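Notes to accompany the following structure.
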Amino acid sequence: MNTVKIAPQLEISRIVLGIWRLLDWDMSDQQLLTYIKQSMEAGVTTFDHADIYGDYECEAGFGKALQLEPSLRSQMQLITKCGIKLKSAKYPNRNLKYYDYSKEYIIQQAEQSLKNLNTDYVDVLLLHRPSPFFNPNEVAAAFDALKTSGKVNHLGVSNFTPVQFESLQSYINEPLVTNQIEISPGQLEHFDNGNLDYLIKKRVSPMAWSPLGGGSLLNPQDEKSAQIHSAISRVATQIEETDLSKIIYAWTLMHPAHIIPIIGTGKIERLKTAIDSVNTHLSLEQWFDIYTASLGTEVA
Numbered sequence: 008m009n010t011v012k013i014a015p016q017l018e019i020s021r022i023v024l025g026i027w028r029l030l031d032w033d034m035s036d037q038q039l040l041t042y043i044k045q046s047m048e049a050g051v052t053t054f055d056h057a058d059i060y061g062d063y064e065c066e067a068g069f070g071k072a073l074q075l076e077p078s079l080r081s082q083m084q085l086i087t088k089c090g091i092k093l094k095s096a097k098y099p100n101r102n103l104k105y106y107d108y109s110k111e112y113i114i115q116q117a118e119q120s121l122k123n124l125n126t127d128y129v130d131v132l133l134l135h136r137p138s139p140f141f142n143p144n145e146v147a148a149a150f151d152a153l154k155t156s157g158k159v160n161h162l163g164v165s166n167f168t169p170v171q172f173e174s175l176q177s178y179i180n181e182p183l184v185t186n187q188i189e190i191s192p193g194q195l196e197h198f199d200n201g202n203l204d205y206l207i208k209k210r211v212s213p214m215a216w217s218p219l220g221g222g223s224l225l226n227p228q229d230e231k232s233a234q235i236h237s238a239i240s241r242v243a244t245q246i247e248e249t250d251l252s253k254i255i256y257a258w259t260l261m262h263p264a265h266i267i268p269i270i271g272t273g274k275i276e277r278l279k280t281a282i283d284s285v286n287t288h289l290s291l292e293q294w295f296d297i298y299t300a301s302l303g304t305e306v307a
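Residues 8 to 307, numbered by the working numbering, are exactly what the sequence shown covers, in order.
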């Protein structure tokens, strides 16, 4: 499978495996290791984490599996996130969910992620969500320290607007390598708010979380999802494809922004379906058929 160069010294797989639901997969360490190896053999070498996933437990679960075969680390790319403080039994003195992008907290969480993941560096650290109380000087100082110590190779963001991205970039000495945002036929926000246009301008490949719309596009529960599902089914019939998820992935992959889908599955068959979608081709008219179904009207 093709890779995407998101920095001069970093290529990631065209499809990324998301680890958000790791605990739901109910795998032993050995079973997870087997799945990681199957994924890598199929061409998916990039794994997306966050400190908070699974109530702060998913990273460590992945790290235990990796510890069984540490040599795999040099063949994979690890992405993780920080900045959200969740209410959790693990932090009984924390009374509410909020964001913390202080230098101290960013470094603390990055170092904890390294310990959890059983690695001495992460390829990319993402700031998980923008904050109304955001000090870019603190972020820049944290990244400088983590980069200098070899603990974090690259910095990116998640769920940022173009203005927020541009503001942070002006404080960072190296290019931000991605913006991880929600993109699917059911979620067109970033087609309309200038985000994808901005990322194309900056030659930054976005990563797409929830590319299947949380399953709502395959099993529609409302009128809008049903309209999109109908268009996806129509296109699938036209190209003689029986798996609708392939159509959805292909719709995302063909966009000129070079969008990188994050696939959150614990089943190798479903991951291979996403991989196969790289070779599923839609016409421009078919792409717009799905797009306008989501709009609910024809384009202007």
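Yeah, the Cβ is synthetic: ideal placement off N, Cα and C, and Gly gets one too. For clarity, every value in this text was computed on a predicted model and none was experimentally measured.
{"Asked": "Taking all protein chains shown into account, decide if Gly222 is buried (16 or more other Cβ within 10 angstroms of its Cβ) or exposed.", "Found": "exposed"}
{"Asked": "Using the three-state DSSP reduction, which class does Trp27 fall into: helix, strand or coil?", "Found": "coil"}
{"Asked": "Closest by CA to Met47, which one among Cys65, Ser81, Gly68?", "Found": "Ser81"}
{"Asked": "Trp294 to Leu302, Cα distance in whole Å?", "Found": "13 Å"}
{"Asked": "Go through its chain and collect everything with a Cβ distance to Val129's Cβ below 6 Å, but skip five positions before and after it.", "Found": "Leu85, Thr87, Val159"}
{"Asked": "From the DSSP output, in three-state form, read off Thr249 for me.", "Found": "coil"}
{"Asked": "I'd like the list of long-range same chain contacts for Ala72, defined as Cβ closer than 7 Å, with 5 residues on each side in sequence excluded.", "Found": "Asp36, Leu39, Leu40, Ile43"}
{"Asked": "Note down, in chain order, each residue of its chain lying with its Cβ closer than 8 Å to the Cβ of Met261, except the 5 sequence neighbours on either side.", "Found": "His288, Leu289, Trp294"}
{"Asked": "Check whether the stretch 98-107 and the stretch 148-163 are in contact - that is, three or more C-beta pairs closer than 8 Å.", "Found": "no"}
{"Asked": "Residues in the same chain with beta-carbon distance under 7 Å from Gln245, minus the five sequence neighbours each way, listed in chain order, please.", "Found": "Gln293"}
{"Asked": "Tell me whether the beta-carbon of Val11 lies closer than 8 Å to the beta-carbon of Ser212.", "Found": "yes"}
{"Asked": "Quick check on DSSP: helix, strand or coil for Ala257?", "Found": "helix"}
{"Asked": "In this structure, does DSSP put Leu133 in helix, strand or coil?", "Found": "strand"}
{"Asked": "So, do the stretch 232-239 and the stretch 264-273 have three or more beta carbon pairs nearer to each other than 8 Å?", "Found": "no"}
{"Asked": "Can you tell me where the beta strand (DSSP E) with Asp55 in it begins and where it stops?", "Found": "53-55"}
{"Asked": "Using DSSP bridges, identify the partner residues of Gly222.", "Found": "DSSP output for Gly222 lists no bridge partner at all."}
{"Asked": "Look at Asn186 and Leu206 and say whether their C-beta atoms are less than 8 Å apart.", "Found": "yes"}
{"Asked": "Identify the continuous alpha helix (DSSP H) that holds Lys208 and give its terminal residues.", "Found": "202-208"}
{"Asked": "Could you check where the beta strand (DSSP E) with Leu183 kicks off and where it finishes?", "Found": "From DSSP, Leu183 is part of no beta strand (DSSP E); its letter is neither H nor E."}
{"Asked": "Less than 8 Å between the C-beta atoms of Leu134 and Gly70, yes or no?", "Found": "no"}
{"Asked": "Provide the residue span of the beta strand (DSSP E) that contains Gln84, from first to last.", "Found": "84-89"}
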